[in-house]
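Below is one structure, written out as structure tokens, with a few remarks after it.
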Amino acid sequence: MTNSDAKATLKADHAALVEELTRLLGDGHVSTDPVELELCSVDFSELRLATAAVVARPGSVDDVRGIIAIAEKRGAPLVPRGASMSYTLGTIPQRDGSIVVDMRRMNRILDINLDDLTVTVETGVTWADLRAVLADCAYEIPFHGPFSGSRATVGGGLGNWAVGWGKGDITTYLLGVEVALPDGRLLATGALATDPQHPALTCYGPDLTRLFINDAGSLGIKTKACFRLERKAGGSAYAAWGFADENQALALMSEVGRLGVATDCFVFGPYHHRVFYGRPRPPANELKALLRTIARNSSGRLNAARNLFDLLRGGSLGFLARWPWSVQTIVDGVNQRAADAAMDTLRSAARRLGGKPIPPSLVIAMRAMPFVPIEELIVGIDGECSFPSNCTVSLSQGMALKRALDAFFAERADFMRAHGLTATRLYLTTANAFGVEPIIYWHDRMNPLRYSVLGEDRRRRFGNQPGNAIAREAALALRREMVTDVFAPFRPTHVQVGKYYPYRASRHNPDCWSMLEDIKNAVDPKRLMNPGALGLE
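Here you go:
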């Protein structure tokens with residue numbers, strides 16, 4: 000067969016694939032638009048693999064299973080995709096001819112059962128939409144979602160093991176999932192496997208749910224999730240402390256983790272302080288909405304007045320400029336007295352470790368409006384491109400990890416300066432773990448995904464910046480070295496594994512990997528489901 004014959008065959012196969020998907024989903028839900036294909040072939044990692052062949056948008060479980068059947072028949076790889084707030088290639092095709100399965104049409108709240116205390120959703124729903132639906136309800140999922148929850152979907156959180164706001168992580172209140180497997184089966188796990196109408200407990204025999212958490216979509220397409228609800232806190236206490244010394248701030252964060260009473264605890268540094276106090280005053284309507292939300296979330300008029308006072312006395316957050324580091328905490332309790340009593344234990348620890356009380360206005364506002372504008376997460380103050388990394392270790396390893404990062408960036412200071420690179424860090428504690436998110440910045444053009452999330456002002460200011468391939472490659476090299484030279488020796492845990500973090504090499508026991516290979520072969524014998532995810536080719 001000549002090259003021209005091969006190209007003609009590929010073109011005909013592609014046309015037949017698109018036609019079959021269109022018959023299944025309808026004209027408006029299949030796209031081969033080059034602009035959209037390019038958008039679905041990049042993420043915030045700035046690494047490039049392959050270009051998507053077609054984007055399919057299912058609206059039902061039957062649609063998802065139909066797409067899988069078409070892909071299996073034609074040998075087309077499948078790549079599940081939510082909002083693609085990805086920086087690890089999890090939603091990016093690795094092979095040519097891939098079908099990107101955009102799940103955002105499947106965004107319904109299927110059931111809120113206050114008798115059984117459950118909520119069941121399709122996986123394309125965003126955390127912001129779920130929060131809005133439950134806003135006036137006495138119950139909630141105590142895990143509130145990631146910082147990117149204004150766009151990030153529940154399905155993306157499941158595939159990438161979301162952490163962020165609230166208690167625990169996405170698995171803490173998860174009762175089960177529904178997954179369309181690559182071999183055509185539809186699997187229900189946990190409580191959904193026992194009684195999907197009245198899901199209660201998860202472990203009637205082995206619970207398969209966690210097999211599909213942080214799997215980067217390698218084992219199937221999650222279509223449904225069920226979460227346990229809890230009564231909202233009867234009281235919430237807020238406190239923050241300023242630190243001149245990063246080590247002292249992290250010592251307090253670790254102590255907060257060990258005390259186990261905080262719902263949220265974050266450590267912000269100089270860069271994020273600049274972001275927060277540099278934000279313009281919100282328009283009057285947004286400010287009123289913020290104040291209403293804070294009042295609604297407060298336990299009684301007296302506490303509402305206290306929280307509003309603490310918010311307003313912080314003013315424009317300019318006081319953060321006086322502190323290189325701050326520890327921001329929230330404690331929830333069954334009532335206000337319980338929340339205040341628990342917060343007193345954190346205040347004692349803060350005094351002992353040298354923290355100076357500052358207005359908790361930032362964390363009060365963030366509890367009311369927890370989801371950060373996406374453009375602030377992936378574009379710097381001065382228009383820099385950025386990508387984060389994440390690393391979580393035990394509390395006892397936290398300071399050693401911090402020192403290793405200090406040494407790493409100090410050794411590479413000249414390299415970073417020569418290429419115009421800067422870096423910052425965000426710290427948080429989750430359960431009994433110490434988490435850090437180093438973020439690397441450089442000046443460059445906006446790739447299609449970055450550009451798509453910019454607001455009008457930032458598009459005007461930064462949307463036409465020239466490319467800077469040399470700085471981009473330097474940033475990529477710096478990040479790669481950080482993962483291999485700093486993170487890997489600690490044997491850490493990574494959320495959002497995608498196709499980036501060295502999952503196979505991280506397995507302490509090689510039988511763990513061989514078992515995963517066996518499972519992959521059982522459900523995906525043709526290896527069509529997100530090839531490359533977790534390192535499963």
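Residue 0 is where the sequence shown starts when you use numbering that gives the first Met the number 0, and the numbers rise one by one after that.
The beta carbon of each residue, even a glycine, is placed where N, CA and C say it ideally should be.
Given the structure is predicted, the values throughout are model-derived calculations rather than measurements.
So, does the stretch 342-353 touch the stretch 369-387, judging by three or more C-beta pairs under 8 Å? No, because fewer than three Cβ pairs between the stretch 342-353 and the stretch 369-387 fall closer than 8 Å, the two stretches do not touch.
Note down, one range per segment and in chain order, each alpha helix (DSSP H) of at least 4 residues found wholly within the stretch 81-107. Taking only runs of at least 4 residues, no alpha helix (DSSP H) segment lies wholly in the stretch 81-107.
Taking Cβ to Cβ, would you say leucine 46 is nearer than 9 Å to leucine 448? For this step, residue 46 is matched to residue 47 along the sequence shown. For this step, residue 448 is matched to residue 449 along the sequence shown. Against a cut-off of 9 Å, the Cβ pair of leucine 448 and leucine 46 comes out as no contact.
In the DSSP assignment, the beta strand (DSSP E) including glutamate 536 goes from what residue to what residue? Walking along the sequence shown from the start, residue 536 turns up at place 537. No beta strand (DSSP E) contains glutamate 536, which DSSP labels as neither H nor E.
Exposure label - alanine 391; buried when at least 16 CB within 10 Å: Your numbering for residue 391 matches position 392 in the sequence shown. Residue 391 is actually threonine in this sequence, not alanine. Residue environment: threonine 391 is assigned as buried (16 or more neighbouring CB atoms within 10 Å of its CB, all protein chains considered).
Measuring straight from C-alpha to C-alpha, what distance separates serine 83 and glycine 534? Here residue 83 is taken as the residue at index 84 of the sequence shown, counted from 1. Here residue 534 is taken as the residue at index 535 of the sequence shown, counted from 1. Across the structure, serine 83 and glycine 534 are spaced so that their CA atoms are roughly 19 Å apart.
Between aspartate 42 and threonine 90, which are expected to be in contact by the criterion C-beta below 8 Å, what is the C-beta distance as a whole number of angstroms? Here residue 42 corresponds to residue number 43 of the sequence shown, with the count starting at 1. Here residue 90 corresponds to residue number 91 of the sequence shown, with the count starting at 1. About 6 Å separates the two Cβ atoms, so the contact holds.
Apply the 10 Å Cβ neighbour rule to tyrosine 440 and answer buried if 16 or more other Cβ atoms are within range, or exposed otherwise. Taking the sequence shown and counting its residues from 1, the one referred to as residue 440 is at position 441. Around the beta carbon of tyrosine 440, 16 or more other beta carbons lie within 10 angstroms, which makes this residue buried.
Starting from the Cα of tryptophan 324, find the closest Cα among Asn246, Phe142 and Ala261 and give me that residue. Residue numbering aside, residue 324 sits at position 325 when the sequence shown is read from its first letter. Residue Asn246 is the option with its Cα nearest to tryptophan 324.
Just list the alpha helix (DSSP H) runs in the stretch 193-265, keeping only unbroken ones of 4 residues or longer that don't cross its boundaries, in chain order. Those alpha helix (DSSP H) runs which fall completely within the stretch 193-265 and span 4+ residues are 245-258.
What is the rounded straight-line gap between the Cα of arginine 479 and the Cα of cysteine 225? Locating residue 479 in the sequence shown gives position 480, counting from the first residue. Locating residue 225 in the sequence shown gives position 226, counting from the first residue. Distance between the alpha carbons of arginine 479 and cysteine 225 is about 36 Å.
Can you tell me where the beta strand (DSSP E) with tyrosine 276 in it begins and where it stops? Your numbering for residue 276 matches position 277 in the sequence shown. No beta strand (DSSP E) contains tyrosine 276, which is instead part of the alpha helix (DSSP H) from 269-277.
Kindly indicate which three-state DSSP category asparagine 159 falls into: helix, strand or coil? Taking the sequence shown and counting its residues from 1, one reaches residue 159 at position 160. In this structure, asparagine 159 counts as helix in the three-state DSSP scheme.
Indicate the three-state DSSP secondary structure (helix, strand or coil) for phenylalanine 386 in the structure shown. Counted from its first residue, the sequence shown places residue 386 at position 387. Three-state DSSP puts phenylalanine 386 in a strand.
Using DSSP bridges, identify the partner residues of serine 393. Locating residue 393 in the sequence shown gives position 394, counting from the first residue. Answer is Ala432.
On the DSSP bridge assignment, give the partners of isoleucine 438 in chain order. What you label residue 438 is simply residue 439 of the sequence shown in a count that begins at 1. DSSP lists Pro387 and Thr423 as partners of isoleucine 438.
Taking the DSSP output, what are the residues bridged to asparagine 112? Stepping through the sequence shown from its first residue, residue 112 is reached at position 113. As DSSP reads the structure, asparagine 112 sits in a beta bridge with Thr117.
Quick one: does valine 435 have its CB under 9 Å from some CB of chain B? Included in the structure is just one protein chain, with no chain B present.
Closest by CA to leucine 48, which one among Arg80, Cys39 and Pro92? Locating residue 48 in the sequence shown gives position 49, where the first residue counts as 1. The shortest C-alpha separation from leucine 48 is found at Pro92.
Pull up the distance between the alpha-carbon of glycine 156 and that of aspartate 214, whole angstroms please. To locate residue 156, count along the sequence shown from 1; it is residue 157. To locate residue 214, count along the sequence shown from 1; it is residue 215. Computed Cα separation, rounded: 11 Å.
Rounded separation between aspartate 61 and leucine 200 - CA only: On the sequence shown, position 62 is the one that residue 61 refers to. On the sequence shown, position 201 is the one that residue 200 refers to. The straight-line gap from Cα to Cα measures roughly 27 Å.
Quick one: measure Cβ to Cβ for glycine 354 and tryptophan 240, integer angstroms, because I've assumed they're closer than 8 Å. By one-based count along the sequence shown, residue 354 stands at place 355. By one-based count along the sequence shown, residue 240 stands at place 241. Indeed, because the Cβ distance is near 3 Å, the residues count as touching under 8 Å.
Let me make sure I understand the geometry here. Which of Arg526, Val100 and Pro79 has the alpha-carbon closest to that of valine 29? Along the sequence shown, read from residue 1 onward, the residue named residue 29 stands at position 30. Nearest C-alpha to valine 29 among Arg526, Val100 and Pro79: Val100.
List the endpoints of the continuous beta strand (DSSP E) containing valine 326. Position 327 of the sequence shown, counted from the start, is the residue given in the question as residue 326. First-last of the beta strand (DSSP E) with valine 326: 324-332.
I need the boundaries of the alpha helix (DSSP H) containing alanine 470, first residue and last residue. Here residue 470 refers to the residue found at position 471 when the sequence shown is read from its first residue. Residues 468-480.
On the premise that aspartate 115 lies in contact with histidine 197, defined as a C-beta separation below 8 Å, what is that separation, rounded to the nearest angstrom? Residue numbering aside, residue 197 sits at position 198 when the sequence shown is read from its first letter. Residue numbering aside, residue 115 sits at position 116 when the sequence shown is read from its first letter. Between aspartate 115 and histidine 197 the Cβ distance is about 6 Å, and since that is below 8 Å, they are a contact.
Please confirm whether leucine 129 and valine 153 have their CB atoms less than 9 Å apart. For the purposes of this step, residue 129 is taken as the residue at position 130 of the sequence shown. For the purposes of this step, residue 153 is taken as the residue at position 154 of the sequence shown. Yes, these two residues count as a Cβ contact at 9 Å.
Pair within 9 Å by beta-carbon distance, leucine 361 and leucine 316: Position 362 of the sequence shown, counted from the start, is the residue given in the question as residue 361. Position 317 of the sequence shown, counted from the start, is the residue given in the question as residue 316. In contact: leucine 361 and leucine 316 (Cβ atoms closer than 9 Å).
What number of angstroms, rounded off, separates the C-alpha of valine 485 from the C-alpha of serine 393? Looking up residue 485 in the sequence shown gives position 486. Looking up residue 393 in the sequence shown gives position 394. Pairing valine 485 with serine 393, the inter-Cα distance amounts to about 15 Å.
Within its chain, find whatever has a CB closer than 8 Å to the CB of histidine 143; leave out the 5 residues flanking it on each side and keep chain order. One-based indexing of the sequence shown puts residue 143 at position 144. The answer, listed in chain order, is Trp126, Arg130, Gly163, Trp164, Gly165 and Pro369.
Rounded Cβ spacing between asparagine 389 and valine 494 (contact assumed at less than 8 Å): One-based indexing of the sequence shown puts residue 389 at position 390. One-based indexing of the sequence shown puts residue 494 at position 495. Confirmed, about 6 Å.
Distance between arginine 64 and leucine 77 (C-alpha atoms, nearest Å): For the purposes of this step, residue 77 is taken as residue 78 along the sequence shown, with counting starting at 1. For the purposes of this step, residue 64 is taken as residue 65 along the sequence shown, with counting starting at 1. Taking the straight line from one Cα to the other gives about 12 Å.
Under 8 Å, with one C-beta from each stretch per pair, do the stretch 259-272 and the stretch 425-441 reach the 3-pair mark? Short answer: they touch.
Helix, strand or coil for alanine 179 per DSSP? Here residue 179 refers to the residue found at position 180 when the sequence shown is read from its first residue. Taken through DSSP and simplified to helix, strand or coil, alanine 179 comes out as strand.
To the nearest angstrom, report how far apart histidine 13 and leucine 207 are at their CA atoms. As a working note, residue 13 is residue 14 in the sequence shown. As a working note, residue 207 is residue 208 in the sequence shown. Within the model, the alpha-carbon separation for histidine 13 versus leucine 207 is close to 36 Å.
Closer than 8 Å by C-beta to glutamate 35: which residues in its own chain qualify, once you throw out the five before and the five after it? Chain order, please. Here residue 35 refers to the residue found at position 36 of the sequence shown. Excluding positions up to five away in sequence, the list reads Val54.
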